[in-house]
Amino acid sequence: MKSIFLYNKLFLKRLLSKIPFLIFLFIIPFIIIFLNNNIKNNETENLVGIYAEKENEVTNLVMGNLVKDYGSVQFIKYTDKKELINDIKKGEILCGYVFKKDIMEKITNDDMTNIIDRYSTTKPIITPLINEYIFAEVFNEYTLRELTHYLHENTMHPKMTEEELCDKLRETFMDYYKDDSLFTIHHINKQGKVIADTSNFYTSYLLLSVKGITSLLVMFFAMIGTFYLYKDREIFIKLSKKGIVNKTFLEMSEIFSSLFPAFIFITLGFFFITPKEKMISVCIQLFIYTLISLIYFYIIYKLLPNIKAFMIFIPLLIIGSILMCPIFIDLTEIIPTIKYLSWLFLPKYYLMF
Numbered sequence: 024m025k026s027i028f029l030y031n032k033l034f035l036k037r038l039l040s041k042i043p044f045l046i047f048l049f050i051i052p053f054i055i056i057f058l059n060n061n062i063k064n065n066e067t068e069n070l071v072g073i074y075a076e077k078e079n080e081v082t083n084l085v086m087g088n089l090v091k092d093y094g095s096v097q098f099i100k101y102t103d104k105k106e107l108i109n110d111i112k113k114g115e116i117l118c119g120y121v122f123k124k125d126i127m128e129k130i131t132n133d134d135m136t137n138i139i140d141r142y143s144t145t146k147p148i149i150t151p152l153i154n155e156y157i158f159a160e161v162f163n164e165y166t167l168r169e170l171t172h173y174l175h176e177n178t179m180h181p182k183m184t185e186e187e188l189c190d191k192l193r194e195t196f197m198d199y200y201k202d203d204s205l206f207t208i209h210h211i212n213k214q215g216k217v218i219a220d221t222s223n224f225y226t227s228y229l230l231l232s233v234k235g236i237t238s239l240l241v242m243f244f245a246m247i248g249t250f251y252l253y254k255d256r257e258i259f260i261k262l263s264k265k266g267i268v269n270k271t272f273l274e275m276s277e278i279f280s281s282l283f284p285a286f287i288f289i290t291l292g293f294f295f296i297t298p299k300e301k302m303i304s305v306c307i308q309l310f311i312y313t314l315i316s317l318i319y320f321y322i323i324y325k326l327l328p329n330i331k332a333f334m335i336f337i338p339l340l341i342i343g344s345i346l347m348c349p350i351f352i353d354l355t356e357i358i359p360t361i362k363y364l365s366w367l368f369l370p371k372y373y374l375m376f
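Residue numbers 24 to 376, in this note's numbering, belong to the letters of the sequence shown in order.
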């Protein structure tokens, strides 16, 4: 056991002697703080932000109905678009919808493209449900106003303005609208055709996930330890033959030597952004995630014969580690961040080794 600690100390000393490694370690807490921007954990799930670029009576009514009428999703009205986007980045809300300033003009002119912008770090399973809630309220209000306009133009209402008639009809209209046994509302264009595909009604923007980036950092440090493990393979074989030390523990300790300082500095970063009552839970999750990453990369080291093979299969290894380690984060939070790794590699990067 003493020899294991001795070798682990030597592994750490070698890593910490590398200036780039040290610099990267020390900036990890700042990266986490910067990306999270004082992230807070929400007890309530399915929080969705809504914002109107141009507030008017229609958008206010739509957002008001969304805020008060839906229990499965809690809608939060924002008055600042930047604040909405920042809260999504911090993980305080699931996603956000921005009503374009010309939304009603577009609908009136039978133009359904890009009437709403959607922002998120992930694409949760309940996205279609949220979309239906949003568009149901938009077209609900539009339908009521079209009905009001028709009745006002084609019936006698000398003492009532169109807005007054709309207010008078609203309660009765809503009773009928919410009763599926009476009639069903479809999205129909001016030609009378049902709009089956509503996917182009909104533009979707994908934002970075902080926990996703953090988990990739853990994998990155596990890879560093694995690289050194390949370099020291012959030395370990000689030591094990002489019976000096257990080869398996020695190999795993080398990967651990790169993960241990990363774990410390990542934990330090989360210490500044996580409520105290949540810190223990975060540390346990991060530790288990780190431990499984260690075991995973050790298994890969045993399966792949040399460092060239390891480098060639890096993209697949990352995906595999994601699928094996859904502990520290939700899988949907990290998968969108994989594409950013492609910036680090040339199409034939493995030919350099």
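C-beta atoms are modelled at their ideal positions from N, C-alpha and C, and glycine is treated no differently.
Exercise. Are Val71 and Leu117 closer than 8 Å when you measure CB to CB?
Worked result: Counted from its first residue, the sequence shown places residue 71 at position 48. Counted from its first residue, the sequence shown places residue 117 at position 94. In contact: Val71 and Leu117 (Cβ atoms closer than 8 Å).
- Query: Pick from Tyr93, Phe122, Val96 and Asn177: whose alpha carbon is nearest that of Asp103?
  - Reply: As a position in the sequence shown, residue 103 is number 80, starting the count at 1. In terms of Cα proximity to Asp103, the closest of Tyr93, Phe122, Val96 and Asn177 is Phe122.
Original post:
Rounded to the nearest angstrom, how far is the Cβ of Tyr321 from that of Glu274, given a contact under 8 Å?
Top reply: Counted from its first residue, the sequence shown places residue 321 at position 298. Counted from its first residue, the sequence shown places residue 274 at position 251. Contact between Tyr321 and Glu274 holds, with the beta-carbon distance rounding to 7 Å and staying under 8 Å.
Quick check on Phe53: buried or exposed, where buried means 16 or more other Cβ atoms within 10 Å of its Cβ?
Translated into positions along the sequence shown, residue 53 becomes position 30. Exposed, since its Cβ has fewer than 16 Cβ neighbours within 10 Å.
query: Are the CB atoms of Glu160 and Leu89 nearer to each other than 8 Å?
result: Here residue 160 refers to the residue found at position 137 when the sequence shown is read from its first residue. Here residue 89 refers to the residue found at position 66 when the sequence shown is read from its first residue. Yes, the Cβ-Cβ distance between Glu160 and Leu89 is below 8 Å.
*So who's on the other strand from Gly72, going by DSSP bridges?*
Position 49 of the sequence shown, counted from the start, is the residue given in the question as residue 72. Paired residues: Ile99 and Gly119.
Worksheet item: Is the Cβ-Cβ distance between Phe293 and Ile55 less than 8 Å?
Response: As a first step, residue 293 must be located in the sequence shown, where it is residue number 270. As a first step, residue 55 must be located in the sequence shown, where it is residue number 32. Yes.
Checklist entry - Under a three-way DSSP split, which group does Ile289 fall into? => result Residue 289 sits at position 266 when you count from the first residue of the sequence shown. For Ile289, the three-state secondary structure derived from DSSP is helix.
Distance between Ile218 and Asn212 (C-alpha atoms, nearest Å) | Reading the sequence shown from its first residue, position 189 is the one you call residue 212. Reading the sequence shown from its first residue, position 195 is the one you call residue 218. In this model, Asn212 and Ile218 are separated by some 7 Å (Cα to Cα).
- Item | Which listed residue (Leu282, Ile307 and Lys112) has its alpha carbon closest to that of Phe44 | What you label residue 44 is simply residue 21 of the sequence shown in a count that begins at 1. When each option's Cα is compared against that of Phe44, the closest is Leu282.
Open item on the list: On the criterion of 16 or more Cβ atoms from any shown chain inside 10 Å, does Leu317 qualify as buried, or is it exposed?
Closed with: Taking the sequence shown and counting its residues from 1, the one referred to as residue 317 is at position 294. Taking all protein chains in view, the Cβ of Leu317 is crowded by 16 or more other Cβ atoms within 10 Å, so the residue is classified as buried.
**Prompt:** What does Ile211 pair with, by DSSP beta-bridge criteria?
**Reply:** Within the sequence shown, numbered from 1, the residue matching residue 211 stands at position 188. For Ile211, which the question treats as bridged, DSSP gives the partners Val217.
*Contact set for Tyr74: own chain, Cβ-Cβ below 8 Å, skip 5 residues either direction*: Within the sequence shown, the letter at position 51 stands for residue 74. Non-local C-beta neighbours of Tyr74 in its own chain, meaning closer than 8 Å and more than five positions away in sequence, comprise Lys100, Tyr101, Thr102, Asp103, Lys104, Leu107, Gly119, Tyr120, Val121 and Phe122, ordered along the chain.
Give the secondary structure of Ile149 by DSSP, where H, G and I count as helix, E and B as strand, and everything else as coil. The sequence position of residue 149 within the sequence shown is 126, counting from 1. Residue state, collapsed to three classes: coil.
Would you grab the beta carbon distance between Lys129 and Ile138 for me? Rounded to a whole angstrom, and I think it's under 8 Å. Within the sequence shown, the letter at position 106 stands for residue 129. Within the sequence shown, the letter at position 115 stands for residue 138. With 8 Å as the limit, Lys129 and Ile138 qualify as a contact, their Cβ atoms being about 5 Å apart.
| field | Buried versus exposed call for Phe57 [16 or more other C-beta atoms within 10 Å across all chains shown] | value | One-based indexing of the sequence shown puts residue 57 at position 34. Exposed, by the Cβ-count rule.
Cα separation between Tyr312 and Lys112?
The count along the sequence shown starts at 1 and reaches residue 312 at position 289. The count along the sequence shown starts at 1 and reaches residue 112 at position 89. Between the alpha carbons of Tyr312 and Lys112 lies a gap of roughly 22 Å.
Problem set entry | Own chain, CB closer than 6 Å to Phe351, minus 5 neighbours either side, in chain order | Position 328 of the sequence shown, counting from 1, holds the residue named residue 351. In this prediction, Phe351 scores a pLDDT of 45, lower than 50, which makes its location untrustworthy; no coordinate-derived value is stated.
task = Might you give, ordered along the chain, the residues of its own chain that have their beta carbon closer than 6 Å to the beta carbon of Ile62, omitting 5 neighbours on each side?
result = For this step, residue 62 is matched to residue 39 along the sequence shown. Only weak support exists for where Ile62 lies, its pLDDT of 42 falling under 50; the coordinates are left without a value.
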